[in-house]
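So for the sequence shown, numbering that gives the first Met the number 0 puts the first residue at 0; every next one is plus one.
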Amino acid sequence: MSVNLSEIYRNYIACLNRQDWLNLGRFVDEDVHYNGAYVGLSGYRDMLKGDFLVIPDLHFDIRLLICEPPHVASRLQFDCTPTGVLFGMPVNGRRIQFSENVFYAFLNGRIRNVWSIIDKAAIAAQL
Numbered sequence: 000m001s002v003n004l005s006e007i008y009r010n011y012i013a014c015l016n017r018q019d020w021l022n023l024g025r026f027v028d029e030d031v032h033y034n035g036a037y038v039g040l041s042g043y044r045d046m047l048k049g050d051f052l053v054i055p056d057l058h059f060d061i062r063l064l065i066c067e068p069p070h071v072a073s074r075l076q077f078d079c080t081p082t083g084v085l086f087g088m089p090v091n092g093r094r095i096q097f098s099e100n101v102f103y104a105f106l107n108g109r110i111r112n113v114w115s116i117i118d119k120a121a122i123a124a125q126l
């Protein structure tokens with residue numbers, strides 16, 4: 000059986016945009032790591048929920064997607080209005096735009112490792 004990681008990834012992003020936390024485990028491994036640290040599925044879910052608390056209008060927009068199984072690389076674009084402090088910067092309801100370069104390693108069709116680099120300089124330049 001061939002696994003289409005591009006399709007799985009797009010469905011994962013749709014799951015995030017719906018905030019469909021009950022189905023997150025369909026896409027993310029129970030033992031997921033984030034930027035080299037073990038967070039587990041529940042920790043990963045909590046991190047994402049926290050992102051939506053700070054950024055109520057958060058929407059993940061795929062701008063670039065490259066699949067080389069078992070890896071996926073994506074450039075995500077954000078256009079949002081965080082309510083308070085974001086990455087240590089007082090955004091306080093101002094509309095900002097920034098990108099994230101994120102790399103994933105999949106295991107058995109689920110995300111096992113995530114490496115994320117957020118363009119914090121772009122945010123700082125807008126404040």
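Note that CB positions come from ideal geometry on N, CA and C, so glycine has one too.
How many Å lie between residue i and residue j at the Cα?
i       : j       : result
Leu-64  : Asn-91  : 31 Å
Glu-99  : Arg-62  : 10 Å
Pro-69  : Leu-4   : 8 Å
Asn-22  : Cys-14  : 7 Å
Lys-119 : Ser-41  : 26 Å
Glu-127 : Arg-111 : Only positions 0 to 126 of the chain appear in the structure, and residue 127 is not among them; the question remains open.
Cys-66  : Tyr-103 : 10 Å
Tyr-8   : Pro-89  : 31 Å
Asp-19  : Ala-124 : 32 Å
Val-31  : Val-53  : 23 Å
Thinking just about the alpha-carbon of each residue, which of the options is nearest to the one in residue i?
i       : options                            : result
Leu-106 : Asn-16, Val-71, Gln-76 and Leu-126 : Val-71
Ser-115 : Leu-52, Leu-75 and Pro-55          : Leu-75
Tyr-11  : Arg-44, Val-38 and Ile-54          : Arg-44
Can residue i and residue j be called in contact, C-beta distance under 8 Å?
i       : j       : result
Tyr-126 : Arg-93  : Just to set this straight, residue 126 is Leu in the shown sequence, not Tyr. The answer is yes: Cβ separation under 8 Å.
Phe-77  : Asn-16  : no
Ala-121 : Phe-97  : yes
Tyr-33  : Val-101 : no
For the ligand HEM, I want to know if residue i counts as a neighbour, meaning its beta carbon is within less than 7 Å of at least one of the ligand's heavy atoms.
i      : result
Lys-48 : You won't find the ligand HEM in this model; it holds no ligand whatsoever.
Going by DSSP, what residues sit across from residue i in a beta bridge?
i       : result
Ala-36  : Tyr-33
Phe-102 : Ala-72 and Trp-114
- Query: Should the segment 18-32 be regarded as contacting the segment 70-84, the criterion being three or more beta carbon pairs within less than 8 Å?
  - Reply: no
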